[in-house]
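Counting from 2, one number per residue, gives the positions in the sequence shown under our numbering. One structure below.
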Amino acid sequence: MVLVLAAVGLFPLGLLALVMLMASFEDGLDDGPHEPATPVERAPASASAVPAGEA
């Protein structure tokens with residue numbers, strides 16, 4: 002009986018976690034087109050690291 006009550010009590014929590022997980026995946030797909038801007042921002046950082054290695 003205790004296991005049944007625990008399962009019924011934790012089911013909404015698991016369902017909420019699943020919904021949040023799926024929402025995070027949808028956000029990741031929506032952020033896809035915005036990703037090409039980040040390598041451009043990272044390029045100067047790596048370019049500045051190269052002269053530091055040479056010096």
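The C-beta atom is built at its ideal place from N, Cα and C for all residues, glycine as well.
Spatial distance of residue i from residue j (CA atoms)
| i | j | result |
| --- | --- | --- |
| phenylalanine 26 | leucine 6 | 31 Å |
| methionine 23 | glycine 15 | 12 Å |
| leucine 4 | proline 13 | 15 Å |
| leucine 11 | alanine 18 | 11 Å |
| alanine 8 | methionine 2 | 10 Å |
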